[in-house]
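J.: So the sequences go chain by chain: C and B. The first sequence begins at 27 in our numbering and counts up by one. The second sequence begins at 3 in our numbering and counts up by one. Dropping a structure here in structure tokens format, bear with me for questions.
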Amino acid sequence: MIELRNVSKSFGATPAVADFSLKIENGAFFVLAGPSGCGKSTVLRMINAMIVPGKGQIEVDGQDIRAMEPEKLRRSIGYVIQSAGLFPHWTAADNVLAVPRLLKWSPSRCAARLDALVALLRIDPALLDRYPRQLSGGQQQRIGVARALAADPDIVLMDEPFAALDPVSRAELQDELRGIHARSGKTIVFVTHDMDEALRLATGMAVMNGGRLIQTGSPASILLAPVDDFVRDFLGGESLQLRLLDLVPVEKLMKPGKTKATETIAAGASLKNALNLMLARRRSFLGVEDASGKRLGEIHLNDIVARRDAN
Amino acid sequence: MRTDRRSLIAAMIRLARRPGLWLMVLLIAVIFLMPAAGPLMRWLFPGVPRPVYTRASFFELTLAHAELVAISSLAAAVIGIGFGIFVTRESGREFAPMAGAIAATGQTFPPVAVLALTIPVLGYGAAPAIAALCLYAIFPIIAATITGIESVPAPTRDAAMGMGFAPRDILWRIELPLAFPFILAGLRNAVIINIGTAAIGSAAGALSLGSPIIEGLSASNPAYVLEGAVIVALLAVAADRCFAWLEDLSRHGGLEQPG
């Protein structure tokens, strides 16, 4: 568990973070969201002691991080930044193995770990001998994520890791990361200013503004009940209802039974996907099928419009 | 057998194509054949009584000259790189503007003046020459070291710190390897300048390729001046080729792969 208690930090006379308290449970995919300059990166960088808070206390797994040697703390926490920050004079493989080598793992253990990471992140093995500048942005950040996971840390900190990528690479890496999180049970703390990304990934999130914590909770609870206009605007103002649809899977509003529908949608797709398909095909209802193509029931436009949120 | 011979020939051709190699051969030939240059010098400078400098062999002079350059450059490298590292640390950062200012004005100070100022302290001989050369070579090396370390992208340093590299690891594994091409270029500059400047060391009584030049000047013997100057020039060009070769080597040796 990560706990920040009444943490404040100023750079010169400008306060970056003010009286900030937050608990992040083990296994959470926790997103710190907010406009640029809101202090979210500062909060992230205080967790691995890159920035020392002026006031307050930070605990990782019940231990005050001030009592720990900063290098040791950081080696136990994965770290990914926006531009990947790969070492330009090291090959991709050497970059991935940076922390295991700092921890003086044996060469055979490093080699085994490299194989496991290549499989986990679906890295093309041919890329391993290349230098960062010979890789695309998406490939670089894939290596960057592998590097953060290399020593199998329980916590991974990510500072807008996918912000500079093209939409296709970004979506791919988001899916990859969500899968890894679901399977590994790692705690991920993820900074972003992109609400779609936050909603797609988060199990818990905090919205920050002007160095303060404005609202915290599950993405759905924040979407359903934004505490003020700032949060409402940040979540998307007019399109807030559409974002909510993105969070609910079709199966939650499905009417089970036989269907004569000619257009079908997967049970795991979101209501937003369903609505989109209805608009595109000019239908008021769709058949619902599972992954194997078996028909489970149907979903109606009226139910989407009239729904009371099933969260 | 045949492929062996063919690859041997190919290797020899590759070697023969290296201009650096031919320069080396030319330099050695000139050093050892200079005593036989009497007729040439007499033809070039008809009025000269003794056409070839004989007080010391040209091999001896070249060796002494190279020694002056090597010792002073090595000392300058240690001090310059060390100081460059110091002013790019958190604790030494406040000295960085000062280092820049000293480096800029330091190079405008004439080496002869440095020599004149060090003789009263260190006496005549090699010592004041080495001190002057060293002082003169430090500045380009400091500047190159600072430029090199500052060329490391901020995200690279940030990532290293965030992953748990200690400051010492960041310096040795990230900053210095990435700054190496810059530092090498600074050293190249310093050494080439020093090879030319070292001739002035003979004004302080040091043995060098400047000895025939200084004596030629005072005895109005242009042949001596030419003999010393030709070898100094060849030595400088040969050293420059050596550094170019080192730079190639460091680039292909994995420090920076062509993309």
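Where is the CB? At the ideal position from N, CA and C, for every residue including glycine.
#1: Would DSSP call E51 (chain C) helix, strand or coil?
#2: Q89 (chain C): buried (16+ other C-beta within 10 angstroms of its C-beta) or exposed?
#3: Note down the Cα distance separating R307 (chain C) from E289 (chain C), rounded to an integer number of angstroms.
#4: 7 Å is my cut-off, CB to CB: does H219 (chain C) come that close to chain B?
#5: From the beta carbon of D160 (chain B), is the nearest beta carbon of chain C less than 7 Å away?
#6: Could you check if E92 (chain B) is buried or exposed, using at least 16 other CB atoms within 10 Å of its CB as the buried criterion?
#7: Can you name the residues of chain C whose CB is closer than 7 Å to the CB of A168 (chain B)?
#8: Take the Cβ of I15 (chain B) as the centre, count every other Cβ of all protein chains shown within 10 Å, and call the residue buried at 16 or more, exposed below.
#9: Pick out whichever of B:S252, B:L42, B:P157, B:I104 has its Cα sitting closest to the Cα of L310 (chain B).
#10: Are the C-beta of S67 (chain C) and some C-beta of chain B separated by less than 7 Å?
#11: Distance cutoff 7 Å, beta carbons only. Does G164 (chain B) sit that close to anything in chain C?
#12: For my contact list, L143 (chain C) and A172 (chain C) are in at a C-beta cut-off of 8 Å; report their separation, rounded to the angstrom.
#13: Taking 7 Å as the CB-CB limit, is P99 (chain B) close to chain C?
#14: Nearest-angstrom Cα distance between L297 (chain C) and D272 (chain C)?
#15: Output needed in chain order: residues of the segment 67-83 of chain C with a Cβ under 9 Å from some Cβ in chain B.
#16: In whole angstroms, what is the alpha-carbon distance linking L140 (chain C) and A181 (chain B)?
#17: So V234 (chain B) packs on I197 (chain B), CB below 8 Å; how close in whole Å?
#18: Excluding the 5 residues flanking G102 (chain B) on each side, which residues of the same chain have their C-beta closer than 8 Å to its C-beta?
#19: For a test of the three-state rule: what should DSSP assign to L30 (chain C), helix, strand or coil?
#20: Assuming N235 (chain C) is part of the beta strand (DSSP E), what are its boundary residues?
#21: Label L99 (chain C) either buried or exposed according to how many other C-beta atoms from any shown protein chain fall within 10 Å of its C-beta, with 16 as the threshold for buried.
#22: What's the gap between the Cα of V274 (chain C) and the Cα of R253 (chain B)?
#23: Please list the partners that P157 (chain B) has in chain C, where partner means a Cβ-to-Cβ separation under 7 Å.
#24: Which residue spans inside the segment 181-249 of chain C form an unbroken alpha helix (DSSP H) run of at least 4?
#25: Between P183 (chain B) and chain C, is there a C-beta pair that is closer than 7 Å?
#26: CB S30 (chain C) to CB I84 (chain C), shorter than 7 Å?
#27: With DSSP as the reference, label E289 (chain C) as helix, strand or coil.
#28: In chain order, what residues of the same chain lie with their CB nearer than 7 Å to the CB of Q108 (chain C), ignoring the 5 residues before and after it?
#29: According to DSSP, simplified to helix, strand and coil, what is D242 (chain B)?
T.: The structure says:
#1: coil
#2: exposed
#3: 8 Å
#4: no
#5: yes
#6: exposed
#7: E97
#8: Label assigned to I15 (chain B): exposed.
#9: What the structure shows of chain B is the stretch from 3 to 261, and residue 310 (chain B) is not part of that stretch, so it cannot be assessed.
#10: Among the CB atoms of chain B, none fall inside 7 Å of the CB of S67 (chain C).
#11: yes
#12: 5 Å
#13: Not an interface residue.
#14: 6 Å
#15: R71, N74, M76
#16: Rounded to whole angstroms, L140 (chain C) to A181 (chain B) spans 28 Å at the Cα level.
#17: 6 Å
#18: A145, I148
#19: strand
#20: Run containing N235 (chain C): 230-235, per the beta strand (DSSP E) assignment.
#21: Taking all protein chains in view, the Cβ of L99 (chain C) is crowded by 16 or more other Cβ atoms within 10 Å, so the residue is classified as buried.
#22: 54 Å
#23: I107, S109, G111
#24: The segment 181-249 of chain C contains these whole alpha helix (DSSP H) runs: 193-210, 221-227.
#25: no
#26: This sequence places Leu at residue 30 (chain C); Ser is not what is there. Yes, the Cβ-Cβ distance between L30 (chain C) and I84 (chain C) is below 7 Å.
#27: Secondary structure of E289 (chain C) (DSSP, three-state): coil.
#28: If you ignore the 5 residues before and after Q108 (chain C), its C-beta comes within less than 7 Å of the C-beta of D185, E186, P187, A189, A190, all in its own chain and listed in chain order.
#29: helix
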